[in-house]
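Undergrad: There's a structure below that I have some questions on.
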Amino acid sequence: MRRGSLAAILVLGIAVALAASSVSLAGTRLVLWHIQTTDPTLSIIDASVARFRAAHPGVEVEVVPLQNDPYKVRLAVAMGAGDPPDVFISWGGGPLEEYVKAGKVADLTPFLLKDDYIDRFPPAAMGPVTFGGRYYGVPVENVSPAFIWYNRNFWNRYGVSPPSTWDDFLAVADKFKGAGVIPVSLANRTKWPGSMWYMYLVDRIAGEQVFRRAVERTGSFADPPFVRAGEEIQRLVDLGIFPPGFNGIDWDTGGSRMLLYSGRAAMELMGSWQYQIVYGENPEFFEDLDYFPFPTYPGGVGDPTNLIGTPGDNYYSIAASSPNKELAFELIQYLIDDVAVSRRIAAGKIPPVAGVENQLTDPVLRRLYMDFARANHMQLWYDQYLPPELGEVHKNTLQAVFGKTMTPQQAAQEMEAAARNYYGR
Amino acid sequence: MGRLGGRRGQRHVAALFLLPASLLYLLYVLAPIPLSFYYSLFRWDGLTTARFIGAGNWAELARDAIFWKSLGNNLKLVALSVLIQLPLGLGLALLTTQRGRTRKWAQGALFVPMMLSSVAIGILWKYVYDPNFGLLNGLLEVVGLPGLRRAWLGEPATALYAVIATVSWQYTPLYMLLFSAGLLGIPSELYEAAAIDGATGLQSFLHVTLPMLRATAATALTLAVVGSLKYFDLIYVMTEGGPLYSTEVMATYMYRKAFHEFRMGYGSTVAVAMFLAAAAAAAAILTSGIRPGRKEGR
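Protein chains in written order, with the UniProt record's numbering: chain A, 1 to 425; chain B, 1 to 298.
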C-alpha cells in the first residue's frame, strides 16, 4: 500500500515535471504592441506575424494594435509597472532615450551587427534610435520627411510655379494673397505643425549643427539662428501668410487640408504622410498633388538637401525584461522582410530600407525616396528628439511666437533656461 | 435596511457582501489620495527610482505661473458654470414640468447633450467654432455681423469662453433633470394654500418653490463647483489647454506634466492641489447657509 502510493506520487511528479517542461517549450509567448490600427498597414503586420508563426510552430504571438495617443500613456504605465510587452513601437528620439536610460530597452546592437543586417537600412534611418553608439530599435514603417505640398493644377490656374529660394517663396505667397488665396495652410492647435516651419528655418539659416550643439550643450538655444527663425515666422504671420485662427485649427480632424481642398489655401508644409492621407480623402485632388523641398534662405549656410522629419517612422524595440529577445528580434525582422517591404510600397509608403528605388513606380514617391537617399542630413522633429519635458517647452514657446504673445528673443531664452535646468549645465 | 439590520448575524452577512466593493473602493479611490501626496514629495519620472526632494515640488508649484493661470481658469469655469448652468437648468425645469403635451419630448430633446460622450461633443463643437468652415462664423455672416467672425478656439481671448459655452451646453440638462425632480417633489397643497392666500405666480415661486428647492440647489451647486474644479475631458478634446495656456485647467496641466513630460512627482503635486481646492470648496458649500437645515430637510 505504502509503496504503491509512493510510486503514484513519483509518477505524478514526473508527469508534472514533463508537463511543465513541455509548457516551457511550446508556451513561448511574445507580445507585440503597435499603433497601425487601419488598413493596409494593419493587415501587412498581421501577414508578417502569420509568416513568423508558420516558421515557429508553438510560439504564441499576441498582437495588440493600439490608438496613437492612448498608446503613449499605456506604454509609460506598462514600463513603470515593469510589465512591458516584448516588442513595442516608438518614434525614437527623446522619449525612447528616457526608457533606454532607465534600463528598460534591450540593446539591439549585437543582433543588428550579426550578418551585417544593419546594412539593410540607410544610416540616416538609424539616427533616432542610436544612443551612445548603440542601437535600440529597428525602423519599419515609413520614411517621412516634411515637404511643402501643393496641387499642380491649382497652381497652374494662378500661373505660379514652385519656389526654390526664400525670396521666391515670399513672392509666390504675395501673388496668392493678391488673388485672395491663403498662401499657407496651417493647423497649429497641436503645435507640431508650426514647429516644422521653425525647424526648417533654423536648418536653412545655420545648418544642422546649431541644434546639435544646443542639445549637446556646447551651444545655446538662445543662439542667433534660433532667434532669427522666430523673427522670420513672425514676419510670415504679419504678412498674413497663414489662415486666420491657425493656433486653434485642428490637424487631426483635417482643418488644414480642408482649406487646400476647397481652394482657399495654396500649400502646406507637412510630413510625407500627407500623400497617403490625401489619396484616401480626396482622390481628385490627389491626381495633381506634388511637393517641393523647403526653399533656401538668403545668406543661409544650411545644406539645401537637409531634411526635417522621421527617417524610419515607427521603430520597433525590445523590452529589456523580455525573456525571448532573440525570438523577438526575429519577429521584428519578419515585419520588415522583403515581402513586407513590397507590400508597404504597394500601399504607397516608403519603407526605410536601402536600395528600393526601382520598386517605387509612383514618380512622386520615387522622387521623395531619392530626396531622402540624397539628403546630407535628416533631423528628427525637435519635439521627438528632445527629452519630453523640453519638447513641450519648445512647442509651447513656439506656439506663443506664432501667436505673437512672446518675442522670438523671449522664446529662445525660455527654451535655453529650460534646457539649462534640465541638463544642469 | 430593516430586515438586514434586525439581527447581529445578518449585519455580518451584509458586511461580508460589502467587503469586495469596499476593498476596490479603498484600493482605487481612497488609497490614491494619500499616495498622491506622498509622490508629490519626489522627483520621479515614473520609470526610474524616485528621488526624495521634500517640499521641492510644492515650492515649484507656488512659483509656477501656469499653474496659477490654470487655477484661475478653473475659477472662471466655476463661476460661469454656476451662473449659467444652474439658472438655465432651473428655468428649463420650470418650463418642462408645466403640464402640457410637449413637456415629455421637450425634456427628452433638451436632455440629449447629457447623453453624448464628451469626445463626440468636443469634436462636434470644434466644427461649430471652425474659423473657416464653422457654423458659428457662417451664422454671424448670415445675420449681417461678419465683423464678429473669429477663430473662436484659436484666440486666447475667446478660447476659454467658447469652451465654457460648450461645457454649459453639455451640463445644463443635468441640472434641468435635478431641478425637475425637486419641483415634482413639492406638494401641490403648498401652491393651493399660497393661491388661497392670494399669492401671485412670482410670489409663490419666491416663497414656495425656491425655499423648497434648497436641498436640490445645494446638491447642484456642489456638483457644479467640484465638477468645474476637476474638469478635464471636453477641454482636452477641444483645445488641449491651448492656445498659449488660455484654456489650461488644473486637470489638463496635471495630465501634461505627468504623461507628456514624464514628471509624475510634479503631476501628483498638481493633482493634490486640485483635490485640496475641490475638497475646500465642497466643505465651504456644505457648511454654509445654503445647506438645508434639519427643519426643512425632507
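No residue lacks a Cβ here, since even glycine has one placed at the ideal position from N, Cα and C.
Because the structure is a prediction, the values reported are computed rather than measured.
Does the CB of His-12 (chain B) have a neighbour CB from chain A at under 8 Å?
TA: Along the second sequence, one-based indexing puts residue 12 (chain B) at 12. Chain A contact via Cβ: absent.
Undergrad: Which same chain residues end up closer than 6 Å to Phe-294 (chain A) when comparing Cβ atoms and leaving out the 5 residues on each side of it in sequence?
TA: Here residue 294 (chain A) corresponds to residue number 294 of the first sequence, with the count starting at 1. Hits under 6 Å: Tyr-200.
Undergrad: Relative to the alpha-carbon of Asp-107 (chain A), which residue among A:Pro-283, A:Val-87, A:Ile-308, A:Tyr-135 has its alpha-carbon at the smallest distance?
TA: Here residue 107 (chain A) refers to the residue found at position 107 when the first sequence is read from its first residue. It is A:Tyr-135 whose Cα lies nearest to the Cα of Asp-107 (chain A).
Undergrad: Would a C-beta distance cut-off of 8 Å place Ser-317 (chain A) and Phe-88 (chain A) closer than the cut-off?
TA: For the purposes of this step, residue 317 (chain A) is taken as the residue at position 317 of the first sequence. For the purposes of this step, residue 88 (chain A) is taken as the residue at position 88 of the first sequence. A contact, by the Cβ cut-off of 8 Å.
Undergrad: Once you ignore the five residues that flank Gly-403 (chain A) on each side, which residues in its own chain have a CB closer than 6 Å to its CB?
TA: Locating residue 403 (chain A) in the first sequence gives position 403, counting from the first residue. Same-chain partners within the cutoff: Asn-247.
Undergrad: So with CB distances below 7 Å, who are the chain A contacts of Gly-154 (chain B)?
TA: Taking the first residue of the second sequence as position 1, residue 154 (chain B) is located at position 154. In chain order: Gly-245, Phe-246, Asn-247, Gly-248, Ile-249.
Undergrad: Could you name the residues of chain B that Tyr-99 (chain A) contacts, counting a contact when the two beta carbons are closer than 8 Å?
TA: Working through the first sequence from its first residue, we reach residue 99 (chain A) at position 99. The contacting residues are Leu-47.
Undergrad: In the region 107-172 of chain A, which residue ranges form an unbroken alpha helix (DSSP H) of at least 4 residues, counting only runs that do not cross its ends?
TA: You should have 109-113, 123-126, 152-157.
Undergrad: Please report whether the beta-carbon of Ala-151 (chain B) lies at a distance below 8 Å from any beta-carbon of chain A.
TA: Along the second sequence, one-based indexing puts residue 151 (chain B) at 151. Chain A, which has a Cβ nearer than 8 Å to the Cβ of Ala-151 (chain B), makes this yes.
Undergrad: Mark Ile-196 (chain B) as exposed unless 16 or more other C-beta atoms lie within 10 angstroms of its C-beta, in which case mark it buried.
TA: The residue labelled residue 196 (chain B) in the question sits at position 196 within the second sequence. Result: exposed.
Undergrad: Find the residues of chain A that neighbour Leu-27 (chain B), judging by a C-beta separation of less than 8 Å, and give them in chain order.
TA: As a first step, residue 27 (chain B) is located in the second sequence; it is residue number 27 there, counting from the start. Under the 8 Å cutoff, chain A gives no residues; its nearest Cβ is about 15 Å from Leu-27 (chain B).
Undergrad: Please report the residue range of the alpha helix (DSSP H) in which Arg-366 (chain A) lies.
TA: As a position in the first sequence, residue 366 (chain A) is number 366, starting the count at 1. Unbroken alpha helix (DSSP H) run through Arg-366 (chain A): 363-374.
Undergrad: Between which two residues does the beta strand (DSSP E) holding Ser-317 (chain A) run?
TA: Counting from 1 along the first sequence, the entry for residue 317 (chain A) is found at position 317. Unbroken beta strand (DSSP E) run through Ser-317 (chain A): 315-318.
Undergrad: Could you spell out where the alpha helix (DSSP H) holding Phe-111 (chain B) opens and where it closes?
TA: Within the second sequence, residue 111 (chain B) is the residue found at index 111, counting from 1. Start and end: 103-115.
Undergrad: Along the region 103-115 of chain A, where does the CB come closer than 9 Å to a CB of chain D? Name the residues.
TA: The chain labelled as chain D is not found among the protein chains of the depicted structure, namely A and B.
Undergrad: Which residues in chain B have a C-beta closer than 8 Å to the C-beta of Glu-416 (chain A)? List them in chain order.
TA: Numbered from 1 along the first sequence, position 416 holds the residue referred to as residue 416 (chain A). Result: empty, since nearest Cβ-Cβ is about 18 Å, beyond 8 Å.
Undergrad: Would you mind working out which of A:Trp-192, A:Tyr-279, A:Val-301 sits nearest Ile-249 (chain A), comparing C-alpha positions?
TA: Position 249 of the first sequence holds residue 249 (chain A). Here the closest residue by C-alpha is A:Trp-192.
Undergrad: Quick one: is Tyr-38 (chain B) buried, meaning 16 or more other Cβ sit within 10 Å of its Cβ, or exposed?
TA: Counting from one through the second sequence, the residue named residue 38 (chain B) turns up at place 38. Tyr-38 (chain B) comes out exposed.
Undergrad: Does Pro-388 (chain A) have its Cβ less than 8 Å from a Cβ in chain B?
TA: As a first step, residue 388 (chain A) is located in the first sequence; it is residue number 388 there, counting from the start. Chain B, which has a Cβ nearer than 8 Å to the Cβ of Pro-388 (chain A), makes this yes.
Undergrad: If you reduce the DSSP assignment to three classes, tell me which class Phe-242 (chain A) lands in.
TA: In the first sequence, residue 242 (chain A) corresponds to position 242, counting from 1. DSSP places Phe-242 (chain A) in coil when its eight states are reduced to three.
Undergrad: Quick one: what's got a C-beta closer than 8 Å to Asp-46 (chain A)'s C-beta in the same chain, skipping five residues either side?
TA: As a position in the first sequence, residue 46 (chain A) is number 46, starting the count at 1. Cβ within range, chain order: Val-63.
Undergrad: Count Cβ pairs between the region 246-256 of chain B and the region 370-390 of chain A that sit closer than 8 Å; are there 3 or more?
TA: With a cut-off of 8 Å, the region 370-390 of chain A and the region 246-256 of chain B do not count as touching, because too few Cβ pairs lie within range.
Undergrad: Taking Pro-146 (chain B) as the query, report the chain A residues whose CB atoms sit under 7 Å from its CB, ordered along the chain.
TA: Counting from one through the second sequence, the residue named residue 146 (chain B) turns up at place 146. Correct list: empty, because the minimum Cβ distance to chain A is about 12 Å.
Undergrad: If distances are taken between C-alpha atoms only, which option among B:Glu-248, B:His-260, B:Met-264, B:Ala-282 comes closest to Ala-65 (chain B)?
TA: Position 65 of the second sequence, counted from the first residue, corresponds to residue 65 (chain B). Cα-wise, what sits closest to Ala-65 (chain B) is B:Glu-248.
Undergrad: To the nearest angstrom, how far is the alpha carbon of Arg-3 (chain B) from that of Gly-9 (chain B)?
TA: Sequence index remark: in the second sequence, residue 3 (chain B) carries index 3 (1-based). Sequence index remark: in the second sequence, residue 9 (chain B) carries index 9 (1-based). In this prediction, Arg-3 (chain B) scores a pLDDT of 49, lower than 50, which makes its location untrustworthy; the coordinate-derived value is nonetheless stated afterwards. Rounded to the nearest angstrom, the two C-alpha atoms are 11 Å apart.
Undergrad: Expressed to the nearest angstrom, what Euclidean distance is found between the alpha-carbon atoms of Ser-21 (chain A) and Ser-256 (chain A)?
TA: The residue labelled residue 21 (chain A) in the question sits at position 21 within the first sequence. The residue labelled residue 256 (chain A) in the question sits at position 256 within the first sequence. With a pLDDT of 43 at Ser-21 (chain A), under the threshold of 50, the modelled position of that residue is not reliable, and the figure given next carries that caveat. Between Ser-21 (chain A) and Ser-256 (chain A), the C-alpha separation is close to 58 Å.
Undergrad: Please name the residue or residues paired with Tyr-291 (chain A) in a DSSP beta bridge.
TA: Your numbering for residue 291 (chain A) matches position 291 in the first sequence. In the DSSP output, where bridge partners are listed per residue, Tyr-291 (chain A) has A:Trp-149.
Undergrad: Hey, does Pro-243 (chain B) have any beta-carbon neighbour from chain A nearer than 8 Å?
TA: Residue 243 (chain B) sits at position 243 when you count from the first residue of the second sequence. Yes, Pro-243 (chain B) counts as interfacial toward chain A.
Undergrad: Give me the Cα-Cα distance between Asn-137 (chain B) and Pro-131 (chain B), rounded to the nearest whole angstrom.
TA: Against the second sequence, residue 137 (chain B) aligns to sequence position 137. Against the second sequence, residue 131 (chain B) aligns to sequence position 131. Rounded to whole angstroms, Asn-137 (chain B) to Pro-131 (chain B) spans 7 Å at the Cα level.
Undergrad: Can you check which of these residues, A:Lys-175, A:Ala-125, A:Asn-188, is closest to Asn-396 (chain A) by C-alpha distance?
TA: Here residue 396 (chain A) is taken as the residue at index 396 of the first sequence, counted from 1. That would be A:Asn-188, whose Cα lies nearest to the Cα of Asn-396 (chain A).
Undergrad: Are any of the Cβ atoms in chain B nearer than 8 Å to that of Leu-170 (chain A)?
TA: Against the first sequence, residue 170 (chain A) aligns to sequence position 170. Closer than 8 Å: no.
Undergrad: Do Ile-121 (chain B) and Thr-158 (chain B) have their CB atoms nearer than 8 Å?
TA: Taking the second sequence and counting its residues from 1, one reaches residue 121 (chain B) at position 121. Taking the second sequence and counting its residues from 1, one reaches residue 158 (chain B) at position 158. Result no, Cβ atoms of Ile-121 (chain B) and Thr-158 (chain B) do not sit closer than 8 Å.
Undergrad: Leaving out the 5 sequence neighbours to the left and right, which residues in its chain are closer than 8 Å to residue 436 (chain A) when beta-carbon positions are compared?
TA: The structure shown does not extend to residue 436 (chain A), since chain A is modelled only from 1 through 425, so no value can be given for it.
Undergrad: Going along chain B, which residues have a C-beta under 8 Å from Ala-76 (chain A)?
TA: By one-based count along the first sequence, residue 76 (chain A) stands at place 76. What Ala-76 (chain A) touches in chain B: Gly-46, Leu-47, Phe-259, Phe-262.
Undergrad: May I ask which residues mark the beginning and end of the beta strand (DSSP E) holding Ser-90 (chain A)?
TA: Within the first sequence, residue 90 (chain A) is the residue found at index 90, counting from 1. Segment 87-90, the beta strand (DSSP E) holding Ser-90 (chain A).
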